[in-house]
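Q: Quick one: the structure is below, and I'll ask about it shortly.
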Amino acid sequence: MKTWRKLGFLLGTVLLLIMLAACGNQTDTAATDTQTQNESAVTDPATAPAEDRAAKEAAADDSETIVYAAANGDITIPKNPKRIVVIADSYFGDFVQLGITPVGAPDHVFQSAVLKEKTDGVTNIGDGSSVESVLGVDPDLIIVWVGNENLEKFSKIAPTVAFEYGKLNTKERMLEFGRMTNRESEAQAWVDSWDSRIAELKPEVQAAVGDKTVSILQPYDKGIYVMGDTFGRGGEILYQELELKAPAGTQKEAIDSGAGFASISLETLEDFAGDYIFTAPWQSADDGPAVYNSSIWKNLPGVKAGQVFEIDPVAYYFNDPISLDSQLTFITDSLLGK
C-alpha cells in the first residue's frame, strides 16, 4: 500500500509540473504576441497611433523641399518654410496674411502704423543689410529684392529668393507666394475676399467721383513725386481696382510709362494734380512746407474745394494685403465723404 501511495504521489507531482509548464508556455506566447503587435504598431504606419502618425508625417513634410524658379535662378527651398526673414519689406504683410509670421523684418515694417500691430515675436533686423542680424534669427528662407548687394552672403545662411518690385500686383503676388509656401488655398481665399469687397465698393465710389480725376502727390526736397498704379501709396486701389481717372500728366508719365511714378517740379504741378488729392510729405515733415505753402498749391482746384486727404507716408508705402485693407477703407470713406 505504501508503494502505491508513493507512486500516486509521484504521478501527481509530474502531472502538476506538466500543467505549470503548459501555463508558462501560454504566458510566454501571449507576451511574445503582444510585443510583436506593439512593434508592428510602431513600424507600420497603418496601425500606429494617430498622434504618432501625424507627428511623423509633419516631420517628413517639414524636411521636404521644392525647386522654386526665382528671379535669381532655380532655388531649392523648404516646401513648408516656417522661419522666413523678409528683407524685401513690402512683402511682410503678404506672409502674415498667409499665416506665416516672419521671424525677422527691417525696421521700416515696425514704423508702419498698420503693420507694427503684426510684429509680436518678430525680430527687428535694422535696415536689412546686416548679415549677422539675419544669421542670428536662424531663418529657413530669406526674401530679398532683385539686386540686393548681400544676396550671395544671405544665400550661405539659408535659401534666398529674389523678387522684382512691381512686377506683380498684390493679387498676383499673393497667389505666387501661396504656391511658393504651399499655402495656395490661403492665398486664393484672400484674393476672393478682396475681389468681393472691391465689387461692393467700386460702383458706389465711381458714381460719387464721376469723371473727376484723382492723384497721389508726395513733396520731397527737390520737387514732387507723382504716384502711378504700381508703386504703392494707394495707387493700386485708385487706378487698378476702382479704375478712377488720373490727371493727364499722371497718366502719361507715371502710369503709361510703366515707371510707376514721376518726379515733377512745383511749376508743372497743375498738370498732375487731380480734383481729389491724396498726399503726404515723402519722408519727413520738412519735405512738405515749400509745396503746401506755395500759391500754386493753394490755387489748385482740389485744394480750393477741400478735397485733399492726408495719408501716412510709411503705412502707404506698403501694398500688402493687410496694408491695402486699411488703405481701402480710408480711400473710399474719403471719396464718399464719410
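With mature numbering (1 follows the signal peptide of the UniProt record, and there is no 0) applied, the sequence shown corresponds to residues -30 to -1, 1 to 308, in that order.
Glycine residues also receive a C-beta, built at the ideal position from the N, C-alpha and C atoms.
These figures come from a predicted structure and were not determined experimentally.
Using a Cβ-Cβ cut-off of 6 Å (strictly less than) and excluding sequence neighbours within five positions of V284, which residues of its own chain qualify?
A: Here residue 284 refers to the residue found at position 314 of the sequence shown. Here the set comprises Q81, S82.
Q: Looking at the strands, I want to know which residues DSSP matches up with I70.
A: Here residue 70 is taken as the residue at index 100 of the sequence shown, counted from 1. Answer is none; I70 lacks a bridge partner.
Q: Mind checking L305: buried by the 16 CB within 10 Å criterion, or exposed?
A: Residue numbering aside, residue 305 sits at position 335 when the sequence shown is read from its first letter. Result: buried.
Q: Below 8 Å, can you find three or more Cβ-Cβ pairs linking the segment 219 to 233 to the segment 255 to 273?
A: The segment 219 to 233 vs the segment 255 to 273: no contact.
Q: From this set, F124, K222, T299, V73, which residue's C-alpha is nearest K52's C-alpha?
A: Here residue 52 corresponds to residue number 82 of the sequence shown, with the count starting at 1. Checking every option, the nearest Cα to that of K52 belongs to V73.
Q: Give the single residue among S100, K268, S163 whose Cα lies nearest to the Cα of L239.
A: Counting from one through the sequence shown, the residue named residue 239 turns up at place 269. Closest by alpha carbon: K268.
Q: Between I234 and chain D, is there a C-beta pair that is closer than 7 Å?
A: Chain labels in this structure do not include chain D; a single protein chain is all it has.
Q: Under the DSSP definition of a beta bridge, which residues are partnered with S185?
A: Your numbering for residue 185 matches position 215 in the sequence shown. Answer is I247, bridged to S185.
Q: For Y135, which residues of its own chain have a beta-carbon under 8 Å away from its beta-carbon, when the five flanking residues on both sides are left out?
A: As a working mapping, residue 135 is identified with position 165 in the sequence shown. So the list reads A58, S60, W115, V116, once near-sequence residues are dropped.
Q: For the segment 124 to 194, which segments carrying the alpha helix (DSSP H) assignment without a break, of at least 4 residues, lie completely within its bounds, in sequence order?
A: Here the runs fully enclosed are 140 to 150, 154 to 179.
Q: Are the segment 209 to 219 and the segment 176 to 191 in contact at 8 Å, needing three or more beta carbon pairs?
A: Verdict: yes, contact present.
Q: Evaluate the contact criterion for the segment 88 to 103 versus the segment 150 to 165: three or more CB pairs, one atom per stretch, below 8 Å.
A: In short, these stretches do not touch, since the Cβ pair count stays below three.
Q: For K49, which three-state DSSP category applies?
A: For the purposes of this step, residue 49 is taken as residue 79 along the sequence shown, with counting starting at 1. Coil.
Q: Taking the alpha carbon of I113 as the reference point, which residue from P48, V161, K308 has its own alpha carbon closest?
A: For the purposes of this step, residue 113 is taken as residue 143 along the sequence shown, with counting starting at 1. Answer by Cα proximity: P48.
Q: Can you have a look at V179 and say buried or exposed, based on whether 16 or more other CB atoms are within 10 angstroms of its CB?
A: Position 209 of the sequence shown holds residue 179. It is buried - the Cβ of V179 has at least 16 other Cβ atoms within 10 Å.
Q: Is E223 helix, strand or coil by DSSP?
A: The residue labelled residue 223 in the question sits at position 253 within the sequence shown. Helix, per DSSP.
Q: Start and end of the alpha helix (DSSP H) containing S103?
A: Position 133 of the sequence shown, counted from the start, is the residue given in the question as residue 103. S103 -> alpha helix (DSSP H) spans 101 to 106.
Q: Counting along the chain, where does the beta strand (DSSP E) carrying W267 start and finish?
A: Residue numbering aside, residue 267 sits at position 297 when the sequence shown is read from its first letter. It is not in any beta strand (DSSP E) - W267 instead sits in the alpha helix (DSSP H) that spans 265 to 268.
Q: Straight-line CA distance for S99 to P129?
A: Walking along the sequence shown from the start, residue 99 turns up at place 129. Walking along the sequence shown from the start, residue 129 turns up at place 159. Rounded to the nearest angstrom, the two C-alpha atoms are 17 Å apart.
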